[in-house]
Structure formats: structure tokens, C-alpha cells
Amino acid sequence: MLTLKLITEQTDRVIKGLNKKHFQGAEEAIQKVIAMDAERRAAQAALDQKLAASNQAAKEIGALMKAGKKDEAEAAKAQVAALKSECKELEDKKTRMQTEMDAFLCTIPNIPYDEVPEGSSAADNLVVKLNDKMPCELPANPKPHWEIAKDLNLIDFDLGVKITGAGFPVYRGLGARLQRALINFFLDQARAAGYEEIMPPTVVNQASGYGTGQLPDKEGQMYHCEVDDLYLIPTAEVPVTNIYRDVILNEKELPVKNTAYTQCFRREAGSYGKDVRGLNRLHEFSKIEIVRIDTPEHSAESHKEMLEHVEGLVQKLGLPYRILRLCGGDMSFTSSVCYDFEVYSEAQKRWLEVSSVSNFDTYQANRLHCRFRRTDSKKIELCHTLNGSALALPRIVAAILEDYQQADGSVKVPDVLVPYMGCEYIR
RNA sequence: GGAAAGAUGCCGGAGUGGUCGAUCGGACCGCACUCGAAAUGCGGCAAGCGGGUCACACUGCUUCCAGGGUUCGAAUCCCUGUCUUUCCGCCA
58 MLTLKLITEQ TDRVIKGLNK KHFQGAEEAI QKVIAMDAER RAAQAALDQK LAASNQAAKE
118 IGALMKAGKK DEAEAAKAQV AALKSECKEL EDKKTRMQTE MDAFLCTIPN IPYDEVPEGS
178 SAADNLVVKL NDKMPCELPA NPKPHWEIAK DLNLIDFDLG VKITGAGFPV YRGLGARLQR
238 ALINFFLDQA RAAGYEEIMP PTVVNQASGY GTGQLPDKEG QMYHCEVDDL YLIPTAEVPV
298 TNIYRDVILN EKELPVKNTA YTQCFRREAG SYGKDVRGLN RLHEFSKIEI VRIDTPEHSA
358 ESHKEMLEHV EGLVQKLGLP YRILRLCGGD MSFTSSVCYD FEVYSEAQKR WLEVSSVSNF
418 DTYQANRLHC RFRRTDSKKI ELCHTLNGSA LALPRIVAAI LEDYQQADGS VKVPDVLVPY
478 MGCEYIR
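Here's what the structure looks like:
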């Protein structure tokens with residue numbers, strides 16, 4: 058959530074930012090927060106005063122007891138009784154206001170950076186880089202990946218339906234091996250770039266879901282194990298970022314660079330049509346995530362490095378790709394700036410999103426209470442958090458199958474994956 | 001799943017009703033000593049929400065797992081929950 062400091066000190070900027078993000082009723086919402094904050098402060102001040110008086114009285118009574126002046130102590134006790142109920146009332150009021158304000162703050166999205174283009178939908182996203190070179194010469198009528206996967210016995214969608222349901226494919230043979238090859242390739246690349254590999258739990262508690270912002274608003278997007286009140290993670294971002302919940306890092310520990318491969322689970326309620334065909338949208342999929350935590354002054358540089366890393370991955374795989382700078386209206390709730398990577402699927406004639414690389418500024422850190430201590434001043438400040446997919450497997454697999462398909466029905470293995478696959482062609 | 005014990009600051013570990021935000025040790029930081037280091041000595045060393053200040057200083061309140069309760073007063077007593085450890089059972 059946005060910090061109160063930002064809202065109170067740079068009100069105009071916040072309102073402008075929210076408008077850019079196409080958040081309805083920005084002005085009113087911000088004025089409401091400011092009013093709530095003022096009220097909260099007043100309640101706090103009033104409560105503090107009463108508590109101070111009550112603490113003082115307790116001390117005096119203690120002193121009287123010690124001095125053996127029982128009568129005077131008893132008299133003082135009677136006087137304190139009144140204070141007590143007042144305290145209770147003020148306390149309740151303060152807690153209620155704090156809770157209300159926090160809940161309301163959570164409904165206000167992050168504000169975009171200046172570099173974020175204006176716009177309300179995906180159509181307004183800015184293509185900042187385009188590389189549409191195909192890795193191979195394709196057959197006259199290229200097949201979509203679901204046909205290739207079926208012909209080469211790589212993925213069995215029907216079997217997944219039998220075992221679990223739609224959106225849970227079964228990978229087998231070279232299809233399964235391709236999954237493992239990509240996971241290892243991506244992790245090796247991340248390690249080479251200095252990211253520490255993490256293998257976190259794939260099930261998290263409420264506090265973690267809240268920390269990264271999936272809860273409370275996006276509750277319906279996650280699978281929920283009600284008996285234990287745990288959630289299946291929609292991305293490794295959740296458990297990995299939560300490592301740093303309620304943590305104060307030292308400045309010299311920054312930037313933190315973590316990577317993790319996990320299975321990701323998404324309910325994707327409401328999705329339909331050609332979007333969900335084949336591997337385009339699944340309920341369970343593999344993804345390698347990179348997460349960074351950095352100082353405010355260095356986070357932009359970090360973000361750039363992450364973008365270069367992800368670009369390196371798609372380049373090495375030889376896939377046609379483009380990079381989009383998302384416009385204000387299409388960015389996620391929590392990000393300050395976000396770039397999407399898309400690879401081109403020749404057979405489907407469409408771009409498939411394989412990565413989003415975002416800087417959340419302090420928005421996520423504020424909710425997480427992820428802070429760092431300055432080496433010089435010893436002051437504590439909120440960190441900046443960033444993350445990105447590097448990369449999500451299914452659409453990469455779709456693109457590889459489609460863009461590397463050969464006239465004889467086989468699929469050429471991208472050079473970088475050959476050592477991981479142990480073969481040059483999938484046939 | 002059954003039984004028992006426990007949860008205190010970065011870590012270890014005291015503290016069973018009043019001046020305890022918390023003894024002590026370690027780690028860490030600063031200073032002194034040293035050519036430098038080690039050793040030693042001295043000092044510092046929690047966070048949150050407020051007030052205050054240009055910024056400090058200074059200052060009120062809260063927090064000893066969480067939430068309730070008893071009391072004038074709770075780290076300390078009571079209740080509930082969570083988690084951890086050990087033993088038993090089960091088990092990849």
C-alpha cells in the first residue's frame with residue numbers, strides 16, 4: 058500500500074498518478090485517507106494522554122503501598138477507576154480507526170512512474186523492442202502446439218482432465234524432459250547472473266498472501282485449502298518475497314537477488330475461448346521467478362538488469378519476441394512500472410506473454426514491512442521490491458514447438474537446450 | 001493423532017505482581033591503547049505510533065508468540081489460540 062507520508066506530503070502527485078492508472082475516484086479516496094489519518098492521530102494523542110495519567114497514578118499507588126499508607130492508596134485506587142473506562146473506549150476507537158484506514162489503503166493501487174505511458178488498455182502499451190526473426194523456416198501450414206504435442210506424444214491434455222481437470226496437462230517423454238530442460242536452463246542462467254536459488258514451499262498461509270497483495274482482493278484467484286486455511290501459490294513471488302516480511306536488512310546486504318522454480322497454481326476463473334487452448338492458459342504450470350530487493354536509489358538500475366536478463370533468455374532460445382512497456386491502465390495493481398515480454402507464436406499468429414518484470418517501489422515493501430538500515434545514518438527505510446518471470450514455461454514451450462517445427466513433423470531443439478535435452482530434434 | 005515441556009531483544013539466556021524495555025554473556029558499531037592487528041578497557045546497540053526540531057536533542061504511548069481476562073499496576077497470574085521441542089504412534 059502507499060505510504061501515508063507520500064499521500065500527505067505529495068497529495069497532488071498521488072492523485073495524478075492514480076488518475077493515470079485509471080483508478081476511479083482518486084481525489085475523493087485520497088482526501089478520505091487524509092481525513093482518516095488526522096482522526097487516527099487525534100485518537101492516538103487523546104489515548105496517550107489518558108494512559109500517561111493512568112501510568113502515573115499506578116506508580117503513585119505503588120509508592121504509597123510501599124510507604125505503608127494503605128488508606129491513601131485505597132483512595133487513589135478509586136480515582137483511577139474512572140480513567141480506566143475512558144482508556145478502554147479510546148483504545149477501541151484508535152484500533153478501529155487504524156484497521157479501517159489500513160483496509161481502505163489496501164484498496165488504493167500503486168502510482169505509476171513518469172516513464173509509464175498514458176493509456177487505459179493493452180492497446181495503449183508501448184512496444185519498446187521488436188525482434189520478429191523466426192529461428193527456422195516453417196512448413197507452409199504450421200501446426201499449433203497442441204497438435205504438435207499430440208502428434209509427438211509430448212503432452213496429454215485429456216489425461217490431465219481425467220486425473221485432475223482442464224488446465225492440468227500431463228507432460229510425458231520428451232515433453233516432460235523439455236520441461237526439466239527449461240527449468241534447469243533458466244535456473245542455471247539465473248545463478249550465473251548472481252541470483253541465489255531458493256526452493257520455497259508452494260503452499261502459503263494467509264499472512265503471506267496478504268504480504269504480497271494476493272489477499273484480500275484477489276482471493277478468488279488462488280486455490281484455497283480450507284481445512285488448513287492455506288493457499289496454493291500463484292507464483293514463487295509470494296513465498297520468496299515473504300522471506301523478507303517483517304525484516305530489516307542492512308544496506309550492504311542489498312540488492313538481494315533470489316530466484317526460484319516452483320509450480321504455480323491459478324484458478325483463472327472467468328477465462329475462456331482461444332486464450333485457454335493448449336498451453337496458453339493453465340491452472341498449474343512451472344515458472345522460474347527472479348526477485349530483487351534494493352535501495353530506492355538503485356532499484357531502477359536493478360529493474361534494468363532484470364530486463365536484460367530476461368531478454369537474454371528469450372534471445373538464447375532464439376524466439377521472436379517483443380518488449381512492451383505497459384501503460385498506466387494495463388499495469389497491475391501493485392506495480393510502479395512494468396515491462397511485459399511476449400514471444401511470437403507463428404501458428405497461432407499471436408504474441409504470448411511469457412514474463413512481466415515489475416518494480417513495486419515501496420508499495421509492496423510497505424505492506425510487507427520490508428525495510429533496510431542505512432549504513433551511514435542508521436536510519437530505517439522501506440526497501441524497493443522487484444520481480445519478474447524468468448521465465449514461465451508453458452507459452453515458451455508453445456512457442457518452441459510452433460516456431461521450431463520442421464517440415465517432417467519433428468521439432469528442432471534450440472541450441473542452448475540441446476545439452477539439457479540430450480538430443481537435437483524432438484521426433 | 002496421543003503425552004509432556006516451552007515461546008523474552010541479532011543470538012544465547014536471566015527474570016513468578018510495582019522504578020523491567022527488561023540482569024548478564026556473545027555478536028555488532030564507535031572510542032582508547034597499537035605502526036597495524038589481536039587482546040584489553042570505556043561507551044553504544046529493538047521497533048511501531050505520536051509530540052517536538054530545518055535537522056538533532058528532548059519527549060508521551062505501545063510492544064517480552066497472538067488474542068482476551070484478573071489487578072491501581074502484568075514479561076511475571078488466569079483463559080483461548082498458534083507455533084516449537086522431546087517421547088510415543090504413523091510414514092515418503
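Position one of the first sequence corresponds to residue 58 (our numbering), numbered consecutively onward.
The beta-carbon is built from N, C-alpha and C at its ideal position, and this holds for glycine as well.
Quick caveat, the model's predicted, so the values are computed rather than measured.
Assuming F322 is part of the beta strand (DSSP E), what are its boundary residues? First-last of the beta strand (DSSP E) with F322: 313-322.
Three-state secondary structure (DSSP) of Y170: Correct three-state label for Y170: coil.
Counted within 10 angstroms of its Cβ, other Cβ atoms place Q220 as buried (16 or more) or exposed: Reading off the sequence shown, one finds Ile at residue 220, where the question assumed Gln. By the 10 Å Cβ count, I220 comes out exposed.
In the DSSP output, which residue or residues are listed as bridge partners for L289? In DSSP, L289 forms a bridge with V260.
So, I347 versus H360, is the Cβ gap smaller than 8 angstroms? A distance of 8 angstroms or more separates the beta carbons of I347 and H360.
Examine the Cβ distances between the stretch 422-442 and the stretch 366-382 and report whether three or more of them are shorter than 8 angstroms. Contact between the stretch 422-442 and the stretch 366-382 is absent, because fewer than three Cβ pairs lie under 8 angstroms.
Ordered along the chain, which non-local residues of its own chain (more than five positions away) have a Cβ less than 8 angstroms from that of Q155? The residues are R97.
With a CB to CB cut of under 6 angstroms and the five nearest residues on each side skipped, what residues in its chain are close to L439? Short of 6 angstroms from the beta carbon of L439, and not among the five residues preceding or following it, lie these beta carbons of its own chain, in chain order: T419, A422, N423, R428.
Looking only at its chain, what residues have a beta carbon closer than 8 angstroms to the beta carbon of I437, apart from the 5 residues adjacent to it on each side? The answer, listed in chain order, is I305, R428, F429, R430, R431.
Could you give the first and the last residue of the continuous beta strand (DSSP E) run that contains G125? Unbroken run through G125: none, as it is neither H nor E.
Skipping 5 residues on each side, what residues in its chain have a beta carbon closer than 8 angstroms to that of V218? Hits under 8 angstroms: F225.
Determine the direct distance from the alpha carbon of S392 to that of E175, and round the result to whole angstroms. Taking the straight line from one Cα to the other gives about 15 angstroms.
In terms of residue numbering, what span does the alpha helix (DSSP H) encompassing V333 cover? Counting along the chain, V333 sits inside no alpha helix (DSSP H), nor does DSSP assign it H or E at all.
Since I believe L443 is in contact with S415 (beta carbons under 8 angstroms), could you give me their beta-carbon distance rounded to a whole number of angstroms? Cβ-Cβ separation between S415 and L443: approximately 6 angstroms, consistent with a contact (criterion under 8 angstroms).
For T485, the first and last residue of its enclosing beta strand (DSSP E): Residue 485 falls outside the range modelled here, since the chain spans only 58 to 484, and no answer is possible.
Could you name each continuous alpha helix (DSSP H) segment of 4 residues or more that falls completely within the stretch 362-389, going from the start of the chain to the end? You should have found no qualifying run.
Which residue wins for smallest C-alpha separation from A447, given the options V411, T60, K116? Per the Cα distances, V411.
How long is the line joining the alpha carbons of Q405 and D215, rounded to whole angstroms? Cα to Cα, the separation comes out at about 21 angstroms.
Using only the alpha-carbon positions, how far apart do A110 and G125 sit? Their Cα atoms are separated by approximately 23 angstroms.
Output the boundary residues of the alpha helix (DSSP H) element that contains L216. Per DSSP, L216 belongs to the alpha helix (DSSP H) from 214-220.
Please report the straight-line C-alpha distance between M191 and W203, rounded to a whole angstrom. Approximately 20 angstroms, taken between the alpha carbons.
Best match in D274, C321, L59, L311 for proximity to A293 [C-alpha to C-alpha]: Per the C-alpha coordinates, the member of D274, C321, L59, L311 positioned closest to A293 is C321.
Hey, could you find the ends of the alpha helix (DSSP H) V295 is sitting in? It spans 294-299 - the alpha helix (DSSP H) in which V295 sits, taken as one unbroken run.
Just mark L187 as buried or exposed, buried being the case when its beta carbon has 16 or more other beta carbons within 10 Å. L187 is exposed by the Cβ-count criterion.
Sort out for me which residues DSSP pairs W408 with in a bridge. Answer is Y401, bridged to W408.
Can you find the residues in the same chain that come closer than 6 angstroms, C-beta to C-beta, to Y477, ignoring five residues on each side of it along the sequence? Same-chain partners within the cutoff: A238, N241, F242.
Can you list, in chain order, the residues of its chain with a C-beta nearer than 7 angstroms to that of G375? Leave out the 5 residues immediately preceding and following it. Within the same chain, G375 has close Cβ partners P192, P471.
If you reduce the DSSP assignment to three classes, tell me which class Q246 lands in. Secondary structure of Q246 (DSSP, three-state): helix.
Which listed residue (V454, A250, V468, T259) has its alpha carbon closest to that of E362: Across the set V454, A250, V468, T259, the C-alpha of A250 shows the shortest separation from the C-alpha of E362.
Which first and last residues belong to the beta strand (DSSP E) in which R349 is found? Counting along the chain, the beta strand (DSSP E) containing R349 begins and ends at 341-351.
Report yes if the C-beta distance between Q236 and L450 is below 8 angstroms; otherwise report no. If you check the CB distance, Q236 and L450 come in under 8 angstroms.
Are the stretch 280-288 and the stretch 254-271 touching by the rule of at least three beta carbon pairs closer than 8 angstroms? As far as the Cβ criterion goes, the stretch 280-288 touches the stretch 254-271, which means the pair count is three or higher.
Once DSSP output is grouped into helix, strand and coil, what is the label at Q462? In the structure shown, Q462 falls within a strand segment according to DSSP collapsed to helix, strand and coil.
DSSP on I240, reduced to helix/strand/coil? DSSP places I240 in helix when its eight states are reduced to three.
Measure the CB-CB distance between G335 and P166 and report whether it falls below 8 angstroms. No, Cβ-Cβ distance for G335 and P166 is not below 8 angstroms.
Can you give me the start and stop residues for the beta strand (DSSP E) that I255 sits inside? For I255, the enclosing beta strand (DSSP E) starts and ends at 253-255.
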